[in-house]
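Engineer:
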Amino acid sequence: MIKIKKWLLVSGIVSASTLLSHQALAQEAGFSAAVDSRLTYDDNILRTADDFAQSDTSLVVAPELTLAGILGKQRFAAVYKGEYAKYADNGDVDYTDHDILVRADLDHSNRLTSRFDLRYLDKHEDFGDISNIFTNLTEFNHFTQTDINARLAYGRDDSFGQIVLGLGHSDKEYDNNDQEFRSHDRDLASLAFYYRIAPRTRVLAEVVYQDYSYNPDAGFIDLDNEYVRYQAGIEWALTNQLEGTVKVGYQDRNYKLDTLNDIDGLAYEASIDYTPNTFTTINLAAKRESLDSSLAGAGGFLRTSYSIAGKHGLTELLKLDGQVYYAKDDGVFGGTRQDKRLRTQIGLIYSALHWVDVGVNYSYEDRDSTNVLADYKSNSINLTLKVAFN
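Each residue of the sequence shown is one higher than the one before, counting from 16 in my numbering.
(1) Here's a check: name, in chain order, each residue in its chain whose Cβ is nearer than 8 Å to the Cβ of L127, leaving out the five neighbours to either side.
(2) Hey, T385 and Q353 are a contact pair by Cβ (cut 8 Å); roughly how many whole angstroms apart?
(3) Report the option in F67, Q160, N164 and R62 whose CA atom is closest to the CA atom of S146.
(4) Is the CB-CB distance between S309 and A300 below 8 Å?
(5) Of the residues G264, F196, D288 and Y227, which one's Cα is nearest the Cα of A233?
(6) Return yes when the Cβ of Y229 is within less than 8 Å of the Cβ of D237, no when it is not.
(7) Return the CA-CA distance between Y246 and A165, expressed in angstroms with no decimal places.
(8) For A389, name the three-state secondary structure that DSSP assigns.
(9) Near E188, which residues of its chain fall below 7 Å by C-beta distance, leaving aside the five closest residues on each side in sequence?
(10) Of the choices Y340, L400 and A367, whose alpha-carbon is the least far from that of R358?
(11) A220 to L388, Cα distance in whole Å?
(12) Could you pull out every unbroken beta strand (DSSP E) segment of at least 3 residues lying fully inside the stretch 262 to 334, listed in chain order?
(13) State buried or exposed for A313, treating a residue as buried only when at least 16 other CB atoms are found within 10 Å of its CB.
(14) How about D71 and N105: are their beta carbons less than 8 Å apart?
(15) In this structure, does DSSP put G84 in helix, strand or coil?
(16) Any idea what DSSP makes of D58, helix, strand or coil?
(17) Measuring CA to CA, which of N192, T111 and V263 is closest to K138?
(18) Closest to F175 by CA distance: which of D66, N405, F46 and A213 is it?
(19) Taking 8 Å as the CB-CB limit, is G234 close to chain C?
(20) In whole angstroms, what is the alpha-carbon distance linking L206 and D172?
(21) Cα separation between Y289 and D107?
(22) Are the beta-carbon atoms belonging to D186 and D200 less than 8 Å from one another?
(23) For D193 and Q256, I'd like the C-alpha separation in whole angstroms.
(24) On the premise that V402 lies in contact with A49, defined as a C-beta separation below 8 Å, what is that separation, rounded to the nearest angstrom?
(25) Under the rule that 16 or more other beta-carbon atoms within 10 Å means buried, what is T55, buried or exposed?
(26) With a CB to CB cut of under 8 Å and the five nearest residues on each side skipped, what residues in its chain are close to Y102?
(27) Of all the options D144, V179, Y321 and D383, which has the alpha carbon lying nearest to the alpha carbon of S129?
(28) To which residues of the same chain is N376 closer than 6 Å at the C-beta, ignoring the five residues directly before and after it?
(29) Between which two residues does the beta strand (DSSP E) containing V243 stretch?
(30) Taking just the CA atoms, how far does D122 sit from F208?
(31) Please state the DSSP three-state secondary structure of R197.
(32) Return yes when the Cβ of N292 is within less than 8 Å of the Cβ of A324, no when it is not.
(33) Which two residues bound the contiguous beta strand (DSSP E) that contains R158?
(34) For D132, which residues in the same chain have their Cβ closer than 6 Å to its Cβ, ignoring the five residues on either side in sequence?
(35) Please confirm whether G143 and R382 have their CB atoms less than 8 Å apart.
(36) Our contact map puts T296 next to W251 with C-beta atoms below 8 Å; I'd like the distance itself, whole angstroms only.
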């Protein structure tokens, strides 16, 4: 107990920033900052089977900084988002994450606009997010990633018609825990057409093409593949209470090696926001997609996921906050492995001041697999503090 108190005192809670969301980037010119901090007790920090589980207490400080500028019709923004974690007993799992984004939104004419993004990530990878079975590791996977993206739109969001072209390149490199075989480059091209059928409703059709290129070391198979999604859908904002996007279509992931099983079939994604009153918000989401497996020697798998998240104001200052996420991963490589993932969280947020929120929440995470070695459960209790400066 003395050790934990001393560590907390030395660590402190300092930082600043804003969200990496469109909302943060859409703000007026100037500087804004915020900090999210949490003190967490977790009974399974490395997401392993019960026999190998390690518990620990951690302090995480997540500073976010946004600098935005306007030059005529052009908008520019630079965003830094960090996450610094310190564990009381297991120092090997300490991590420092960095996420840097530079964006330019250019307005060329009444119909033509463009967006350019440059993003750099230096982050850890939670073992619960991947398929690997680790029993003897003492630190999280680590990777760096560089993304370059461009978007050209003819027509506005409020036009009767709009065509959007997207191009991108990503370079992702792993450098520890023998995960280098997962390093890859990805090229992306997308084309979408939107047509307005009502004042606040548009239908859409899109195709997204991605080309993954791996360069594995000797002894690892080549996971090079092409992934295409064809989708049609609808987006709406019928009232101030209900808005969302639903897309349904076909997906095809084709591996270069004939020994790896290709993946094709139904694809969909949806996100719906419902605000029944001024103190309640609900989000529903669903997605069906194929992903490259993190297992050495394996191809891909099909993930189907659903989630619900909401906030409800109990009083003007006190909110109830909760979410549930469920996903099923079906492997299409050798064997019949299937993983079912469940994540839940429930908590309270209190607005002590208009710029300070404090909270407490409980989280539960579970993976139930046909491979019993991949099963794990974790429970965590979090004390949170958010400070925002605008």
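Ideal placement from N, C-alpha and C gives every residue a C-beta, glycine not left out. Note that the coordinates shown come from a computational prediction; the quantities given were computed from them, not determined experimentally.
Structural biologist: Looking at the atomic coordinates:
(1) On the sequence shown, position 112 is the one that residue 127 refers to. Within the same chain, Cβ atoms closer than 8 Å to the Cβ of L127 are found at L167, A168 and Y169, the five residues on either side in sequence being excluded.
(2) Within the sequence shown, the letter at position 370 stands for residue 385. Within the sequence shown, the letter at position 338 stands for residue 353. The pair is a contact, with the Cβ atoms about 5 Å apart (cut-off 8 Å).
(3) Looking up residue 146 in the sequence shown gives position 131. Of F67, Q160, N164 and R62, the residue nearest in Cα terms is R62.
(4) To locate residue 309, count along the sequence shown from 1; it is residue 294. To locate residue 300, count along the sequence shown from 1; it is residue 285. Result no, Cβ atoms of S309 and A300 do not sit closer than 8 Å.
(5) Locating residue 233 in the sequence shown gives position 218, where the first residue counts as 1. Per the Cα distances, F196.
(6) Along the sequence shown, read from residue 1 onward, the residue named residue 237 stands at position 222. Along the sequence shown, read from residue 1 onward, the residue named residue 229 stands at position 214. Yes; because the gap between Cβ atoms is below 8 Å, this pair is in contact.
(7) Reading the sequence shown from its first residue, position 231 is the one you call residue 246. Reading the sequence shown from its first residue, position 150 is the one you call residue 165. The question names Tyr, yet the displayed sequence has Gln at residue 246. For Q246 and A165, the distance between alpha carbons rounds to 21 Å.
(8) Numbered from 1 along the sequence shown, position 374 holds the residue referred to as residue 389. DSSP places A389 within a helical segment (H, G or I) once states are collapsed to three.
(9) In the sequence shown, the residue the question calls residue 188 occupies position 173. The residues are F158, T159 and S198.
(10) Taking the first residue of the sequence shown as position 1, residue 358 is located at position 343. Closest by alpha carbon: Y340.
(11) As a first step, residue 220 must be located in the sequence shown, where it is residue number 205. As a first step, residue 388 must be located in the sequence shown, where it is residue number 373. One C-alpha to the other measures close to 42 Å.
(12) 278 to 292, 295 to 307 and 315 to 328
(13) Walking along the sequence shown from the start, residue 313 turns up at place 298. Buried, because 16 or more other Cβ atoms sit within 10 Å of the Cβ of A313.
(14) The residue given as residue 71 occupies position 56 in the sequence shown. The residue given as residue 105 occupies position 90 in the sequence shown. Against a cut-off of 8 Å, the Cβ pair of N105 and D71 comes out as a contact.
(15) Translated into positions along the sequence shown, residue 84 becomes position 69. Three-state DSSP puts G84 in a strand.
(16) Residue 58 sits at position 43 when you count from the first residue of the sequence shown. In this structure, D58 counts as coil in the three-state DSSP scheme.
(17) Reading the sequence shown from its first residue, position 123 is the one you call residue 138. Taking only the C-alpha atoms, the option nearest K138 is T111.
(18) Taking the first residue of the sequence shown as 1, we reach residue 175 at position 160. The shortest Cα separation from F175 among D66, N405, F46 and A213 belongs to A213.
(19) Reference to chain C is not applicable here, since this structure consists of a single protein chain.
(20) As a first step, residue 206 is located in the sequence shown; it is residue number 191 there, counting from the start. As a first step, residue 172 is located in the sequence shown; it is residue number 157 there, counting from the start. Rounded to whole angstroms, L206 to D172 spans 15 Å at the Cα level.
(21) For the purposes of this step, residue 289 is taken as residue 274 along the sequence shown, with counting starting at 1. For the purposes of this step, residue 107 is taken as residue 92 along the sequence shown, with counting starting at 1. For Y289 and D107, the distance between alpha carbons rounds to 42 Å.
(22) Position 171 of the sequence shown holds residue 186. Position 185 of the sequence shown holds residue 200. In this structure, D186 lies near D200, with their beta-carbon atoms less than 8 Å apart.
(23) Numbered from its first residue, the sequence shown carries residue 193 at position 178. Numbered from its first residue, the sequence shown carries residue 256 at position 241. When rounded, the distance between both Cα atoms is 49 Å.
(24) In the sequence shown, the residue the question calls residue 49 occupies position 34. In the sequence shown, the residue the question calls residue 402 occupies position 387. Confirmed, Cβ separation roughly 7 Å.
(25) Walking along the sequence shown from the start, residue 55 turns up at place 40. T55 should be labelled buried.
(26) The count along the sequence shown starts at 1 and reaches residue 102 at position 87. So the qualifying residues of the chain are I60, D71, T72, S73, V108 and D109.
(27) Within the sequence shown, numbered from 1, the residue matching residue 129 stands at position 114. Nearest C-alpha to S129: V179.
(28) Looking up residue 376 in the sequence shown gives position 361. Counting only Cβ-Cβ distances below 6 Å, and skipping sequence neighbours, we find Q360, G362 and N397.
(29) Within the sequence shown, numbered from 1, the residue matching residue 243 stands at position 228. Where V243 is concerned, the enclosing beta strand (DSSP E) stretches over N240 to A252.
(30) Here residue 208 is taken as the residue at index 193 of the sequence shown, counted from 1. Here residue 122 is taken as the residue at index 107 of the sequence shown, counted from 1. Each residue's Cα considered, the two are about 19 Å apart.
(31) Here residue 197 refers to the residue found at position 182 of the sequence shown. R197 falls in the helix class under three-state DSSP.
(32) Mapped onto the sequence shown, residue 324 falls at position 309. Mapped onto the sequence shown, residue 292 falls at position 277. Their beta carbons are not under 8 Å apart, which means A324 does not touch N292 by this criterion.
(33) Here residue 158 corresponds to residue number 143 of the sequence shown, with the count starting at 1. Going by the sequence as given, residue 158 is Phe instead of Arg. Unbroken beta strand (DSSP E) run through F158: N156 to Y169.
(34) Along the sequence shown, read from residue 1 onward, the residue named residue 132 stands at position 117. Excluding residues within five positions, the ones whose Cβ falls inside 6 Å are R118 and N164.
(35) Numbered from 1 along the sequence shown, position 128 holds the residue referred to as residue 143. Numbered from 1 along the sequence shown, position 367 holds the residue referred to as residue 382. Yes, the Cβ-Cβ distance between G143 and R382 is below 8 Å.
(36) Here residue 296 is taken as the residue at index 281 of the sequence shown, counted from 1. Here residue 251 is taken as the residue at index 236 of the sequence shown, counted from 1. About 17 Å separates the two Cβ atoms, so there is no contact after all.
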